[in-house]
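Chains as they are written, first to last, in the working numbering: chain A, 1 to 130; chain B, 131 to 317.
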Amino acid sequence: MKPAIEHIENEIDRVLSREDDIFPSSGFAASVMEAVRRESTAPPPIPFPWKRAWPIILLASLALALGIVGTIVAAVELSRPPATSLTSLPSITTLIPAGAPNSTWVWTALSLVAAFISVKLSMRLAGGGT
Amino acid sequence: MSASDDQADVEKVLSGDLSAFEGIIERWQKPLVNLAYRFCHDRGRAEEMAQEAFLRAYRGLPQWRKEAMFSTWLFALATNLYRSELRRIPERTVPLDEVPEPVDFRATDGGLEDRDRDEAVRRAVLALPAKYREALTLFYFHEMDVPAAASSLGLPEGTVKARLFRGRELLRGKLPQRLAVPRLKEA
C-alpha cells in the first residue's frame, strides 16, 4: 500500500474509531419501561377473520373468473371475421348453453342472488345478522 | 455485561416477570442509543429509535433462539430498525461531490487541524451511499470487528468486507488532498 493511501486509511480509522459516546438521558430507561408496560397491558391485536372472509373471497374469485372467461369469449368472438354485422356483438350470454331459459331472466336471477348473498354476508360480518 | 444475565432476564420476562426487562434496558440502553446516534446524529431521534428497538425486542423475545448471543440478536434487530427508519425519514446528507473543503484547513505546520480532519472525514462518511455508510458505521461501532458488523447487518462477511473496501475507496477519493499531509506529531 502506498504511504499516502496508508496514511489516509489510518486517518479514517482513527477518526471513525473514536466517535464520542453519548449517554442516554436520565429518564430514558423509565420511559422505555413505561412503553413496555403499556405494550404488555394492551389487548392483543384482533386476528383477521379468515373464517368469515373465505366465502367472500371465494365469491369474488368466482365473479372475477366469470368476468375473465366472458372477456376472453367476447375477444375470441370479435377476432373472428364478421359474419353479419357489428350490431351482432357477442355477449356474456353466449356462455349460457343453448336451450337454457331466456338469458334476461337468468341474469336477473343471478344478480338478485348475488345481491342477496352480499347483503346477508355484510349483515353477518357486521354482527347484526341472525 | 454478561450473557447469562441476559438469558436469566429474558426467561423471567417470558415467564411473566415484566420488571426483569429493566435489567435488559439498563445493560443495553447505552449501546443501543449510541448505535442509533451513529446512524442519525440526532440525540432526540436516537433515543426515540432506541426506545422502539427495545419495544420490538420485548415483542420479539419469544423468537430469540438461544444459539445466538442475546447481544447479537438485539443489535441485528436494532440495526434493521434503524436502517428502515433512516430510509423512511433520511438524515440530511450532502452528496459526496458537494462536501465542501474546510475554509481554514491548513494549520501552521501545513497540515490539517485535528478538528478539521475529523469533521472532513465524518462529513464524507455521511455523504456515502447508504450501504457503504452502514457497513462503515457498524464496523467501527463494533470496534472493527467484521463478523460482528456482518451479524448486525444480517449480511455475509464477504459482502460487508466488499462494502467496507468500496466505502473506504470512495472516502479516499474524496479525502486525499485533505489528509495526505501528516499531522504535526507524526511529522
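Where a beta carbon is used, it is the ideal one built from N, C-alpha and C, also for glycine. Because the structure is a prediction, the values reported are computed rather than measured.
Partner residues on chain A for residue i, Cβ-Cβ distance less than 7 Å
i	result
B:E177	P24, S25 and F28
B:L165	In chain order: nothing, as chain A lies at least about 11 Å away.
B:M199	Near B:M199 there are no residues of chain A at all, since even the closest Cβ is about 21 Å away, more than 7 Å.
B:R173	I22
B:V140	Per Cβ cutoff of 7 Å: no residues; B:V140 is ~13 Å from chain A at best.
B:E318	As shown, chain B starts at 131 and ends at 317. That puts residue 318 of chain B outside it, with no answer to give.
B:R305	Arg is not the amino acid found at residue 305 of chain B; the sequence shown has Leu there. Residues of chain A passing the Cβ test: I8.
Contact list for residue i against chain A, beta-carbon separation under 8 Å
i	result
B:F169	Residues of chain A passing the Cβ test: none, with the nearest at roughly 12 Å.
B:E221	Result: empty, since nearest Cβ-Cβ is about 15 Å, beyond 8 Å.
B:F151	M33 and V36
B:Q159	P24, F28, A29 and V32
B:R247	E11 and V15
B:L266	L16
Contacts around residue i, its chain only, beta-carbon distance under 7 Å, and the 5 residues preceding and following it disregarded
i	result
B:L216	F169 and C170
B:A183	L162, L207, A208 and L211
B:R296	Y262
B:A150	D139, K142 and V143
B:L305	A250, V251 and A254
B:A187	L204 and L207
B:D234	At B:D234, the pLDDT of 45 sits below 50, so the modelled position is not reliable; the number obtained from the coordinates is stated separately. Once the five neighbours on either side are set aside, B:D234 has no close Cβ partner at all.
A:T108	none
A:D20	none
Residue i versus the options, residue with shortest Cα-Cα distance
i	options	result
B:W203	B:V251, B:W158, B:R175 and B:S214	B:W158
A:I22	B:A150, B:G146 and B:N164	B:N164
B:R173	B:E221, B:Y188 and B:V251	B:E221
B:I137	B:R195, B:V251 and B:D248	Position check: residue 137 of chain B holds Gln in this sequence, whereas Ile was assumed. Ranking the options by Cα distance to B:Q137, first place goes to B:R195.
A:R18	B:A133, B:A176 and B:R245	B:R245
B:R302	B:A166, B:G146, B:A250 and B:Y188	B:A250
B:R298	B:I155, B:G288 and B:A254	B:A254
B:R247	A:S118, A:E9, A:H7 and A:V15	A:V15
A:S122	A:P44, A:H7, A:I56 and A:A74	A:I56
B:I154	B:E178, B:L191, B:A257 and B:G288	B:L191
B:E152	A:G70, A:D13, A:A29 and A:A74	A:A29
A:T41	B:A260, B:L258, B:L148 and B:D135	B:L148
B:A133	B:Q193, B:S201 and B:R189	B:S201
Contact set for residue i: own chain, Cβ-Cβ below 6 Å, skip 5 residues either direction
i	result
B:S282	F205, A206, T209 and L268
B:A198	none
A:A60	none
B:A166	A176, M179, A180 and Y212
B:H272	A278 and A279
Cross-chain neighbours of residue i in chain B, by beta carbon under 7 Å
i	result
A:I5	R302
A:R52	Correct list: empty, because the minimum Cβ distance to chain B is about 27 Å.
A:S40	L148
Under 9 Å by beta carbon: chain B residues contacting residue i
i	result
A:A115	Ordered by position in chain B, no residue passes the 9 Å Cβ test against A:A115, which lies about 43 Å from the chain.
A:I123	The question names Ile, yet the displayed sequence has Met at residue 123 of chain A. Neighbours of A:M123 on chain B: none; closest Cβ ~36 Å, over 9 Å.
A:I46	The premise fails here: A:I46 is roughly 16 Å from chain B at the closest Cβ pair, so nothing lies under 9 Å.
Proximal residues of chain B, C-beta to C-beta of residue i below 8 Å
i	result
A:V73	Those do not exist, as A:V73 stays about 47 Å from chain B at its closest Cβ, beyond 8 Å.
A:A35	Q181, F184 and L185
Amino acids of chain A, ordered along the chain, whose beta-carbon sits closer than 9 Å to that of residue i
i	result
B:R263	The contacting residues do not exist; B:R263 stays about 11 Å from chain A at best.
B:R252	V15, L16 and E19
Neighbourhood of residue i by C-beta, 8 Å cutoff - its chain only, sequence neighbours within 5 removed
i	result
B:E287	V276, P277 and A280
A:H7	none
B:E316	Low per-residue confidence applies at B:E316: pLDDT is 45, beneath 50, and the placement is therefore not dependable, though the value from the model is reported in the following sentence. So no residue of the chain qualifies.
Original post:
Listed in chain order, which residues of the region 183-194 of chain B have Cβ atoms closer than 9 Å to some Cβ of chain A?
Top reply: F184, L185, Y188 and R189
**OP:** May I ask you to verify whether the region 258-266 of chain B touches the region 279-294 of chain B, counting CB pairs closer than 8 Å and requiring at least 3?
**Re:** yes
Subject >> Contact the region 21-35 of chain A vs the region 180-195 of chain B: 3+ CB pairs below 8 Å >> reply: yes
Original post:
According to a CB-to-CB cut-off of less than 9 Å, which residues of the region 271-301 of chain B neighbour chain A?
Top reply: F271, E273, M274, R298 and L301
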